[in-house]
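Undergrad: Take a look at the following structure, please.
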Amino acid sequence: MAIVLKTASGIDKMRKAGRISANALKVAGEALEPGITTKEIDNIARKYIESQGAKPNFLGLYGFPATACISINEEVIHGIPSHDRVIKEGDIVSIDLGAEIDGYNGDNAATFAVGHISDEAQRLIDTTRESLYEGLKYAVAGNRVGDISHAVQVYCEERGYGIVREYTGHGVGRKLHEDPSIPNYGTPGKGARLLPGMTIAVEPMVTEGSYAIRQLSNGWTVVTEDGKLAAHFENSVAITKDGDCLILTTPDI
Ligand code: MG
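Sequence positions in the sequence shown follow numbering that gives the first Met the number 0 and run 0 to 252.
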């Protein structure tokens, strides 16, 4: 597969898809409270996306049964929303979702605190968010994918955290998942060259303990092997002609 460069009008459509994705993430995150189920959160996200004339782009992708992946505490990614899964005070909740409109896709994720959480959990969330923006400093035309990967890795490992290896960021555009892969660990100067018009999703998945993971028997949910916490942040961005990347998944509500 080749990397698809977007035209200016393609980037405009990506901004629209990104804005709806970011707003849906915000609405879903703000709805989190003790006692609500992950299925209710998923419905809130789906209704928001549909109210904008867009389509939840995770729904049905590879057979995924919901609008959002909702992963709690030791769950890293791909948690399946359920009527049986009730959010509790002190949980940290990662929500990953996207919207498609006009043939283009947005994709974003964030980890939210529910009520009062431990200092350790807050530090994990803060470091994961910061590592995303550290990586995005290197999402500049002329750099390579490995420059982003390395920046994320060093930022997290210097603070004592693990970086999940098996799942990565990716190109995003007319398809939710395009080339290239954007690992969260790597070597500066290696990997695909970043060019103006490339649109990518950068998404550190960071663990409090070991980065080893396993998948639950439902075939989806990925958890830390040691049962310690995990956090996940993601933005879709465009590589521009003139320096800093453009964050596509910016909310406006
Ligand atoms: Mg993604």
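All C-beta atoms in this analysis are idealised placements derived from N, C-alpha and C, irrespective of residue type, glycine included.
Quick check: is any heavy atom of the ligand MG less than 8 Å from the C-beta of ALA108?
TA: yes
Undergrad: DSSP beta-bridge partners for ILE261?
TA: Because the chain in this structure spans residues 0 to 252, residue 261 falls outside the shown range and cannot be described.
Undergrad: List the DSSP bridge partners of CYS68.
TA: Residue pairing from DSSP places CYS68 in a beta bridge opposite ASP95.
Undergrad: Nearest CA to the CA of ILE116: which residue from GLU157, ILE91, GLY168 and ASN183?
TA: ILE91
Undergrad: Does the separation of the CB atoms of GLY28 and TRP219 fall below 9 Å?
TA: no
Undergrad: CB-CB under 6 Å to LYS87, same chain, minus the five flanking residues each way: which ones, in chain order?
TA: PRO33
Undergrad: Which residues in the same chain as GLN214 place their Cβ atom closer than 6 Å to its Cβ, once the five residues preceding and following it in sequence are excluded?
TA: For GLN214, where only same-chain residues beyond five positions count, the Cβ hits under 6 Å are VAL221.
Undergrad: Answer with buried or exposed for ALA211, where buried requires no fewer than 16 other C-beta atoms within 10 angstroms of its C-beta.
TA: Exposed: under 16 other Cβ atoms inside 10 Å.
Undergrad: Classify SER50 as buried or exposed, calling it buried when 16 or more other Cβ atoms lie within 10 Å of its own Cβ.
TA: exposed
Undergrad: What is the DSSP secondary structure of GLN51, counted as helix, strand or coil?
TA: coil
Undergrad: Compare the Cα-Cα distances from ASP225 to each of ASN42, ARG143, VAL163 and THR36 and report the closest residue.
TA: VAL163
Undergrad: Is it the case that the CB of VAL171 approaches a heavy atom of the ligand MG more closely than 8 Å?
TA: Yes, the beta carbon of VAL171 sits closer than 8 Å to at least one heavy atom of the ligand MG.
Undergrad: Under a three-way DSSP split, which group does GLY196 fall into?
TA: coil
Undergrad: Following a CB-centred definition, is LEU175 positioned closer than 8 Å to any heavy atom of the ligand MG?
TA: yes
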